[in-house]
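Novice:
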Amino acid sequence: MFCQNCGASLNDGEKFCYKCGVKQAHADEFKETEKNDGEGKITLNKEQKKTIIETCVYTALLIGFIFLLYSILKYLM
Ligand SMILES: [Zn+2]
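In the working numbering, each residue's number is its place in the sequence shown (first place is 1) plus 5.
1. Report buried or exposed for Cys22, applying the criterion of at least 16 other Cβ atoms within 10 angstroms of its Cβ.
2. What is the DSSP secondary structure of Leu73, reduced to helix, strand or coil?
3. Of the residues Asn10, Ile57, Thr60, which one's Cα is nearest the Cα of Lys28?
4. Would you say the beta carbon of Asn16 is closer than 8 Å to some non-hydrogen atom of ligand 1?
5. Could you give the distance in angstroms between the alpha-carbon of Lys54 and the alpha-carbon of Lys79?
6. Taking the C-alpha atoms as reference points, what is the distance between Tyr75 and Thr64?
7. Would you identify the three-state DSSP class for Lys24, choosing helix, strand or coil?
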């Protein structure tokens with residue numbers, strides 16, 4: 006494991022860092038890992054949302070283009 010403050014290499018289960026003296030909160034370590042995983046998922050979701058929005062925009066443009074073509078055809082006929 007590594008110090009949460011300075012990143013010094015510590016023995017597993019060490020309560021205090023020998024280098025900077027900061028108390029190592031092991032329970033919080035897992036919570037932070039979960040939080041990081043959550044953020045990663047949120048980032049993925051944002052990318053998915055972006056893709057969905059892009060798909061919607063392209064679909065809207067395609068519908069608009071088809072409507073425009075239909076209008077031109079109607080005008081010509
Ligand atoms: Zn430290």
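By construction, the Cβ of each residue, glycine as well, lies at the ideal position given by its N, Cα and C atoms.
Specialist: In short, the structure shows the following:
1. buried
2. helix
3. Asn10
4. no
5. 37 Å
6. 16 Å
7. If DSSP states are grouped into helix, strand and coil, Lys24 belongs with coil.
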